[in-house]
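First the structure, in the form of C-alpha cells, and then the observations on it.
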Amino acid sequence: MFFSRPVRDRFSSVLALCLYVTGSIAGPCDIYSSGGTPCVAAHSTTRALYDSYTGALYQVSRGSDGATTDISPLSAGGVANSGAQDSFCANTTCLITIIYDQSGHGNDLTQAPPGGAASGPDANGYDYLASAVGAPVTLNGEKAYGYRNNNVKGTATGDEPEGLYAVFDGTHYNTGCCFDYGNAETNSHDTGNGHMEAIYFGTGDGSGRGTGSGSGPWIMADLENGLFSGYDPINNAADPTITSRFVTAIVKGESNQWAIRGGDATSGSLSTYYSGIRPANGYNPMQKEGAIILGIGGDNSNNAQGTFYEGVMTSGYPSDDIENQVQANIVAAGYATTPLTSGPGLTVGENISMRATTACCTTRYLAHTDSTVNTQVVTSSSGTSLKQQASWTVRTGLGNTACFSFESVDSPGSFIRHSNYELKVNANDGSKIFSEDATFCPQAGLNGQGNSFRSWSYPTRYWRHYNAVGYIASNGGPHDFDSAVSFNDDVSFVVSGGFA
Ligand SMILES: *[C@@H]1O[C@H](CO)[C@@H](O)[C@H](O)[C@H]1NC(C)=O
Ligand SMILES: *[C@@H]1O[C@H](CO)[C@@H](O)[C@H](O)[C@H]1NC(C)=O
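Going letter by letter, the sequence shown gives residues -26 to -1, 1 to 474 in mature numbering (1 follows the signal peptide of the UniProt record, and there is no 0).
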C-alpha cells in the first residue's frame, strides 16, 4: 500500500528538453517495420515515431477548468507542439492524461488502476498522473505516477517474441519498485514468474533482485518476481551503471533467448549487456500476458521514480542491426535539456524573503517556527529573530543544479524540504532523498506575480501557504491543502532582499 512505507516521498523530476529533428531519416517504427518486426505499441511525449504520423501524441488536462486538449506533432514525423501546450496550460497546472499509441493498434496508456500490490493515492485508488507543466515535451515521473492498458491488441503473449526500447532520463531513478515500461499482467496482479517482460530502470527494489556492476542505475528486465540483469544468478557484471543524461534502454525476448542492450541516447552506438538463455525457475517458456505498463510494476507497485520520453513494443524479435538503426535515429533526434526555471531570477548566495500574494495575506512572508514552515507578518521593525526566521539563503539545488535549495538564515545547514507534503526546515543529512526533497524550481508566478516554486521531486506540486502553513500542493489534488480555490495566488510569492 502507498502509506505502508514511511510516508515519505520518493520522486521525480521536471526536465524540459527540446528536440532538433534532422531531415528525412525514417522514424523508429518505420525502421522496425523494415526489419519485419513492426511496432504494436508506440508511445512518446516528445515526437512522432513514424515518418508519416500526424495524429495526437498525448492529451493534457489543465487545473483551472479541467479541460483537455491533444498535443500533436508540429509536422508529420516531427516533434511535439510544445507551444500549443504552453498556451493551453498558461497560468495553471497541467497533467498528462493519455499517451496515445501511434501504431494504429489503439494501445493508449491512461491512468493506472489499483493493483495487487498497491492502490494509488488518488481518491479512487488510481495512481497519480504525471505533470506536463513547465516541461513541455517531457513526461515527468512522480512517485506513484503510473499509466497502463490492460486491454491491448497485438502485443506478445505466452512465449511469443517481442522487442522493446525506451528513452529515459538516466539521472532520475530510485530503488523503489518499479520504474518499468513494457509487457505485464492484464489484471494488475502478480500472476507468477514469467508473466511480464518489461524494461526496468533504477537501482533495484532492495529485496535481493538483480544488479549490474557499480552502484547503478541499471537497465534490467522485470520478468515478474525478479529484476534480471542476465541469467540466474541475476547479478551480471556486464550490465553497467548508466551515467548518461538520456539513455536508450532495450529488452527483447523470444523462445529461451533474451537480451538487454543500451547506450547514450544522444551519441554513439548500443552495447549488448546480456544475450542468452532465459533464467531458471519459471521463465522458460514465458507466459507473457500482453498488457502495457509505464512507471509501475506489473502488480501496480508504485514506489518508483523516473522519466520516460518515448518507447515502443514490437511484434517479433528485432535484430541487433535494426536496433542499431533505431539508436541512430534517436541520436539524430537530438535530445537536449532546456532550463527548468522561469520568471524572476534568483542569485545563489543571496539572502531573500518571500512574500505571499493572496489578498488575505500580502503582509505575510514565508518563515519557520522550529521545523514547521509557515507564513508570518514581518516588517522592517520586527525583531531580529523573526527577521531571520523569514530569511533564506539561495543555494544551488542539492538534488539538481539547474534548480535551487533554500537554507535557513537562522539555522545554517538546515533547508526547506518537503516531507509527507508538508514544508519543513530540516538539517541536511546528505542523503539522496533529502537532496531531492530540498530542491525546488522557481517558475513565473502562476498569478502573474513573483515566482511559483515547483518541487523538483514532485513536479505536480508547488509551495503553497494554506491556513498559514507551508505545503507542496497540487491543483485540485486529494488533500485539503490541494484545494483549487485560490491556488494560483497561494502558490505565488514575491521575492525580495532578505530581512536578514
Ligand atoms: C545571509 O545570511 C547568512 C546566514 O545564513 C549571514 O551569515 C549573512 O551575513 C547574510 N547576508 C546578508 C547580506 O545579510
Ligand atoms: C499569467 O502569467 C504571466 C506570467 O507567466 C503573467 O504575466 C500574467 O499576468 C498572468 N495572468 C494571470 C491572469 O494571472
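Here a beta-carbon is modelled for each residue, glycine too, at the ideal position from N, C-alpha and C.
Since the structure is predicted, the reported quantities are computational estimates derived from the model, not experimental observations.
In this structure, the C-beta of V383 approaches ligand 1 to less than 7 Å from one of its heavy atoms. Judged by DSSP in its simplified three-state form, E263 adopts coil rather than helix or strand. In the structure shown, C68 adopts extended strand secondary structure according to DSSP, grouped into three states.
Sequence-distant partners of Y147 (beyond 5 residues in either direction) whose C-beta falls short of 7 Å from its own C-beta, in its chain, are F153, F175, G176, T177, P191, Q279 and G280.
Using a 10 angstroms sphere on the CB of S354, the tally of other CB atoms stays under 16, which defines it as exposed. E134 and H17 have their C-alpha atoms spaced approximately 21 Å apart. In this chain, P12 is not harboured by any alpha helix (DSSP H), its DSSP state being neither H nor E. Excluding residues up to 5 positions away in sequence, K361, Q362, S365 and V383 lie with their Cβ nearer than 6 Å to the Cβ of A474 in the same chain. Contact annotation, T129 with G290: C-beta distance approximately 12 Å; criterion of less than 8 Å not satisfied.
Between ligand 2 and the CB of G422, the shortest heavy atom gap is smaller than 7 Å. Counting along the chain, E297 sits inside the alpha helix (DSSP H) bounded by residues D294 to A307. Between the alpha carbons of G52 and A306 lies a distance of about 12 Å. Listed as beta-bridge partners of F414 by DSSP are F378 and S429. Rounded to whole angstroms, the separation of the alpha carbons of T315 and G472 is 21 Å. Just measuring C-alpha positions, the residue of V141, C151, G144 and E198 sitting nearest H169 is E198.
G137 is a Cβ neighbour of P292, given a cutoff of 8 Å.
Judged by DSSP secondary structure, K361 falls within the alpha helix (DSSP H) whose first and last residues are T358 to Q363. Taking all protein chains in view, the Cβ of D39 is surrounded by fewer than 16 other Cβ atoms within 10 Å, so the residue is classified as exposed. Per DSSP, the beta bridge partners of Y440 are V443. Contact annotation: A64 and I45 have beta-carbon atoms that are not nearer than 8 Å. Remark: the shortest separation between the CB of N325 and any heavy atom of ligand 1 falls under 7 Å. Secondary structure of K398 (DSSP, three-state): strand. For F473, there is no enclosing alpha helix (DSSP H), since its DSSP letter is neither H nor E.
In terms of side-chain proximity, the C-beta atom of N65 is found nearer than 7 Å to a non-hydrogen atom of ligand 2. With at least 16 other beta carbons inside 10 angstroms of its own, C415 counts as buried.
When the alpha-carbon of N161 is set against those of I70, T42, N303 and G90, the nearest one is in G90. Under the 8 Å Cβ criterion, the stretch 228 to 242 counts as touching the stretch 294 to 314, having at least three qualifying pairs.
C334 counts as exposed, since fewer than 16 other C-beta atoms from the protein chains shown sit within 10 angstroms of its C-beta. For G57, the secondary structure class from DSSP, reduced to helix, strand or coil, is helix.
Nearest in C-alpha terms to N394, of all of L83, V459 and F455, is F455. The shortest CA-to-CA distance from T131 to any of G271, A376, V14 and Y205 is the one to V14. Judged by their CB atoms, I267 and R438 are not nearer to each other than the 8 Å cut-off.
If you compare the alpha carbons of S405, S49, T42 and G10 with that of Y27, the shortest gap goes to S49. In the three-state DSSP reduction, Y100 falls in the coil class, being neither helix nor strand.
At a Cβ-Cβ threshold of 8 Å, R183 and I224 do not count as neighbours. For G99, same chain residues with a beta-carbon under 8 Å away, outside a window of 5 residues either side, are P87, P88 and S93 in chain order.
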